[in-house]
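Colleague:
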Amino acid sequence: MQPRTPLRRLLGPAAATKLAALGLQTADDLLRHYPRRYVERGELTDLTELRPGEHVTVRAKVLRARERELRRTPRGKRRHLLQIEVGDSATGRLAMSFFNQHWLVKRLRPGTEAFFAGKVERFNQALQLTNPEVEDADDEDADAFAGGLRPLYPATKDMSSKRIGTAVRILLDTVPPEWPDPLPLQVRRSERLAPLTEALRLIHRPESWADVARARERFRYEEAFVLQTVLAQRRQAARALPATPRRAVAGGLLDAFDARLPFELTEGQRRIGGEIGADLAATHPMHRLLQGEVGSGKTVVALRAMLTVVDAGGQCALLAPTEVLAQQHLRSITAMLGPLAEGGLLGGDERGTRVVLLTGSQPAAPRREALLAAANGEAGVVVGTHALLQEHVDFRDLGLVVVDEQHRFGVEQRDALRAKGNAPPHVLVMTATPIPRTVAITVFGDLDVSTLEELPGGRPPITTHVVPAARPAWVERTWARVAEEAAAGHRAYVVCPRIGYGGDTDDGDGVDTADGGPIDSPDAANARRPPTAVLDVLPEVRGRFPGLVVEPMYGRMPSEDKDDVMRRFAAGGVQVLVATTVIEVGVDVPEATVMVVTDADRFGISQLHQLRGRVGRGSSAGLCLLFSEAPDGSPARARLDAVAATVDGFELSRLDLEQRREGDVLGAAQSGRRSSLRSLAVVRDEAVIRAARDAASELVEADPQLRAEPDLAAAVADLLDADRAGYLEKA
């Protein structure tokens with residue numbers, strides 16, 4: 001038996017087909033299908049931890065049992081229903097229903113302890129299992145399991161935890177001593193980690209909790225090490241690529257821009273500007289991630305980098321995920337540059353350049369003009385959406401690609417733009433979603449990371465409050481605050497989770513998405529009704545404020561309508577904007593001071609933090625009011641309370657990551673594949689990740705092709721299967 005031996009050969013076609021539903025195809029897949037948790041002999045399962053949709057195996061005591069006869073079938077056949085309740089006062093309670101299984105009546109009498117395996121469902125506001133598999137708790141022959149711990153595996157309807165355990169046991173008994181181990185011997189010794197064969201037996205057949213801990217320690221480090229090896233190879237490969245150096249020019253466009261800035265750059269902006277300047281002057285492409293809080297001044301940093309490239313004779317492309325954001329970038333950049341954005345035009349500065357916009361919905365004439373300016377080099381800065389990626393869009397000398405809100409783009413899209421350079425262009429990726437350090441070195445480990453942590457001086461505070469829908473007085477006071485802000489000449493946002501037709505949500509350019517928020521969360525607060533919608537809320541808001549101009553904003557509106565609404569909103573002709581999350585990033589209206597988020601518990605923590613960053617961007621304080629029906633003490637309410645308690649985006653991003661599945665750090669989140677992280681948690685395991693990064697970097701520096709470590713090379717190749725290899729090549 002070898003790691004890639006198909007399960008069909010080892011277990012037969014029937015079992016292999018059922019295991020394939022869990023994504024398990026080979027011997028290594030099954031041996032790496034680690035137990036989800038363990039129960040001790042005699043220990044009852046904590047039933048309060050179960051969630052709808054889970055396939056679980058629980059050990060519990062029967063408290064009550066009731067059998068009744070159901071209506072006979074049309075052919076007169078008798079039907080039975082056995083209903084039991086299991087658990088106790090300490091572990092919670094769980095209902096179970098067995099249809100037409102009369103023989104279980106004597107087996108499941110009150111006081112009996114047993115294992116039950118099935119899918120958790122919600123029925124009449126309570127959790128239950130329907131027709132679960134039953135296994136006597138004292139049946140030692142049911143699962144030959146050494147010691148006092150019994151593994152419980154992630155399972156399916158057709159492949160229970162018990163049957164998976166049996167299959168694992170068959171393979172464990174035939175694993176050869178020379179089973180390939182991806183961790184080099186010197187690494188295992190320095191970190192005092194168990195060999196792979198020993199760790200597999202400890203994780204599947206532990207005799208104590210210490211065995212489980214030792215196995216998990218090994219597998220956490222291995223995952224981190226293999227991933228960091230991939231990223232170390234990518235960093236080395238990037239350093240080997242040629243690039244055109246783009247050095248700063250004294251007395252050029254950048255100096256002229258700095259001289260007209262009406263404010264002082266923060267220390268962080270100056271420091272990161274120096275880092276980027278050094279990268280641009282290098283002979284290999286820059287690959288840098290620029291992250292920072294909402295309002296920390298990332299756009300200014302990116303613009304200064306673009307002006308450096310323009311001074312050096314190159315062009316820049318700024319890729320934005322939505323037309324609203326692209327138009328906002330165009331207005332912001334041209335306003336900051338002034339005459340410097342009108343190079344070659346009457347009244348423009350002779351040191352200036354041209355800034356043009358390219359989007360999919362532009363009229364033909366301005367689109368042709370923008371395409372020509374990009375192709376002949378007249379436009380030093382081209383701002384656009386996905387339209388920049390089209391084949392007929394050409395640049396004379398593309399030197400820098402700036403990608404804003406990078407998580408909104410697929411890697412193929414970013415690669416298509418990067419390929420338009422004569423030589424590999426420098427790449428600057430921006431995000432306003434704060435990323436914990438461990439995520440940055442894991443997910444973006446092949447990028448240099450710059451973080452803007454300070455806000456420019458004079459930014460007013462943003463206050464956030466949760467408004468329970470069950471308190472009408474609070475709700476009325478919320479709308480009164482909107483009226484007060486409008487009366488003072490300010491603007492207001494009302495944000496809804498979806499548009500309103502077909503149940504659609506909106507990511508800003510008409511793509512249906514849950515937008516990162518837990519819209520399908522199992523929380524009771526989200527199981528009540530469809531989310532609020534812009535087109536439903538709009539008449540209500542207009543009815544509340546007959547003296548104000550209230551307009552909708554969502555991604556599926558025609559481009560000219562969106563641009564018109566945003567211009568009038570910025571100018572004061574529209575006082576209230578009822579919008580989807582299309583306004584989440586990039587929208588900058590200094591007069592906007594209040595935001596009401598309806599069904600706030602439908603959104604994720606980081607998304608709420610991004611949304612409230614749209615207010616308080618001028619001289620007046622911001623106010624964010626989160627409507628919610630989530631009850632006190634629920635997970636949904638805990639998320640909202642966390643947002644209200646702090647404006648520290650990095651702290652909130654860590655909490656957000658702890659509460660949601662991390663996804664596949666090599667791109668499966670975009671391809672629908674399961675996560676490549678089984679044991680490693682990027683927030684919890686910071687020390688492990690850092691140690692693995694150092695060790696992997698040292699190894700790759702000495703042996704880039706891993707010729708001396710064939711087992712590690714095989715693990716890297718397995719991680720970088722055909723799809724993911726393509727992903728990383730384009731990332």
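Numbers 1 to 731, taken from the numbering used here, label the letters of the sequence shown in order. Even for Gly, the Cβ is constructed at its ideal location relative to N, Cα and C.
#1: Do Ala317 and Thr359 count as a contact pair if the criterion is CB distance below 8 Å?
#2: Quick one: give me the first and last residue of the beta strand (DSSP E) that Val402 is part of.
#3: Return the residue from the list Ala20, Thr229, Phe650 that minimises the CA-CA distance to Glu453.
#4: State the CB to CB distance for the pair Thr91 and Leu127, rounded to an integer number of angstroms; the pair is presumed to be in contact (CB under 8 Å).
#5: Decide if Thr533 is buried, meaning its Cβ has at least 16 other Cβ atoms within 10 Å, or exposed.
#6: Note down the Cα distance separating Ala525 from Gly165, rounded to an integer number of angstroms.
#7: With a floor of 3 residues, list each beta strand (DSSP E) that falls wholly inside the region 606-658, ordered by position along the chain.
#8: Whole-angstrom Cβ separation of Ala167 and Leu30, contact assumed at under 8 Å?
#9: Consult DSSP for His386 and reduce its assignment to one of helix, strand or coil.
#10: On the DSSP letters alone, give me the boundaries of the alpha helix (DSSP H) that Phe116 sits inside.
#11: Compute the beta-carbon to beta-carbon distance between Val187 and Phe225, rounded to the nearest angstrom, for a pair I have assumed lies under 8 Å.
#12: Using three-state DSSP, classify Gly672 as helix, strand or coil.
#13: Between which two residues does the beta strand (DSSP E) containing Asp136 stretch?
#14: Let me confirm a value: Ile499 is counted as buried when at least 16 other C-beta atoms fall within 10 Å, else exposed. Which label applies?
#15: Once DSSP output is grouped into helix, strand and coil, what is the label at Gly377?
#16: Would you identify the three-state DSSP class for Glu38, choosing helix, strand or coil?
#17: What's the C-alpha gap between Glu222 and Pro35?
#18: How many Å lie between Glu323 and Gly573 at the Cα?
#19: Ignore the nearest five residues each way along the sequence and tell me which others in Leu388's own chain have a CB closer than 8 Å to its CB.
#20: Enumerate in chain order the residues of its own chain whose CB-to-CB distance from Asp136 is below 6 Å, with the five nearest sequence positions on each side excluded.
#21: Is Met566 close to the ligand ADP? I mean its beta-carbon at under 7 Å from any heavy atom of the ligand.
#22: Determine the closest residue to Asp588 out of Ala95, Arg491, Pro13, Arg246, with distance taken between C-alpha atoms.
#23: Do you know how far the Cα of Gly87 is from the Cα of Thr112?
#24: Cβ atoms of Thr57 and Ala14: under 8 Å apart, would you say?
#25: What do you reckon, are the CB atoms on Val615 and Leu623 nearer than 8 Å?
#26: CB Asp181 to CB Leu254, shorter than 8 Å?
#27: Using the Cα positions of Glu267 and Leu538, report the straight-line distance between them to the nearest angstrom.
#28: With DSSP run on the structure shown, which of helix, strand or coil describes Met306?
#29: Give every residue of the same chain whose Cβ lies closer than 6 Å to the Cβ of Val402, excluding the five residues on either side of it in the sequence, and list them in chain order.
#30: Between which two residues does the beta strand (DSSP E) harbouring His284 extend?
#31: Take the Cβ of Leu19 as the centre, count every other Cβ of all protein chains shown within 10 Å, and call the residue buried at 16 or more, exposed below.
#32: By the 10 Å Cβ neighbour count, where 16 or more other Cβ atoms means buried, how is Ala16 classified, buried or exposed?
#33: Leu261 to Gly613, Cα distance in whole Å?
#34: With a threshold of 6 Å on Cβ separation, who are the neighbours of Ala232 within its own chain once the five nearest residues in sequence on each side are excluded?
#35: Determine the direct distance from the alpha carbon of Ser606 to that of Gln772, and round the result to whole angstroms.
#36: Less than 8 Å separating the beta-carbons of Trp179 and Leu202?
Modeller: The relevant details are as follows:
#1: It is not a contact, given that the beta carbons lie outside the stated cut-off.
#2: Per DSSP, Val402 belongs to the beta strand (DSSP E) from 398-404.
#3: Selected option, being the one with the closest Cα: Phe650.
#4: Contact flag wrong, Cβ pair sits at about 13 Å.
#5: The amino acid occupying residue 533 in the given sequence is Ala; Thr does not appear at that position. Label assigned to Ala533: buried.
#6: Reliability fails at Ala525, whose pLDDT of 39 lies under 50, so the model's placement of it is uncertain and the value that follows must be treated cautiously. Using only the alpha carbons, I get a separation of about 36 Å.
#7: Fully enclosed beta strand (DSSP E) runs of 3 or longer: 622-628.
#8: The pair is a contact, with the Cβ atoms about 6 Å apart (cut-off 8 Å).
#9: If DSSP states are grouped into helix, strand and coil, His386 belongs with the helices.
#10: Phe116 -> not in any alpha helix (DSSP H); beta strand (DSSP E) instead, spanning 113-123.
#11: That pair is a contact at about 7 Å.
#12: In this prediction, Gly672 scores a pLDDT of 32, lower than 50, which makes its location untrustworthy; the coordinate-derived value is nonetheless stated afterwards. Of the three classes helix, strand and coil, the one that applies to Gly672 here is coil, per DSSP.
#13: Run containing Asp136: 133-136, per the beta strand (DSSP E) assignment.
#14: So Ile499 counts as buried.
#15: Three-state DSSP puts Gly377 in coil, outside helix and strand.
#16: Inspection of the sequence shows that residue 38 is occupied by Tyr rather than by Glu. In the structure shown, Tyr38 sits in a strand (DSSP, three-state: E or B).
#17: Cα to Cα, the separation comes out at about 17 Å.
#18: Taking the straight line from one Cα to the other gives about 21 Å.
#19: Closer than 8 Å at Cβ, skipping near neighbours: Ala317, Leu319, Leu358, Val382, Leu417.
#20: Excluding residues within five positions, the ones whose Cβ falls inside 6 Å are Ala114.
#21: Because no ligand of any kind appears in the structure shown, any question about the ligand ADP cannot be addressed here.
#22: For the residues Ala95, Arg491, Pro13, Arg246, the minimum Cα distance to Asp588 belongs to Arg491.
#23: So the alpha carbons of these two residues sit roughly 11 Å apart.
#24: At the C-beta level, Ala14 and Thr57 stay beyond 8 Å of one another.
#25: In contact: Val615 and Leu623 (Cβ atoms closer than 8 Å).
#26: Cβ atoms of Asp181 and Leu254: not closer than 8 Å.
#27: Computed Cα separation, rounded: 43 Å.
#28: Three-state DSSP puts Met306 in a helix.
#29: If the five residues before and after Val402 are omitted, its C-beta is found closer than 6 Å to the C-beta atoms of Ala302, Leu318, Leu428, all from its own chain and listed in chain order.
#30: First-last for His284: undefined, no H or E at that position.
#31: Leu19 comes out buried.
#32: The residue is buried, with at least 16 neighbouring Cβ atoms inside 10 Å.
#33: Distance between the alpha carbons of Leu261 and Gly613: 23 Å.
#34: The answer, listed in chain order, is Ala696, Ser697, Val700.
#35: Nothing about residue 772 can be reported from this structure: the residues present for the chain run from 1 to 731 only.
#36: By the CB criterion at 8 Å, Trp179 and Leu202 fall outside the cutoff.
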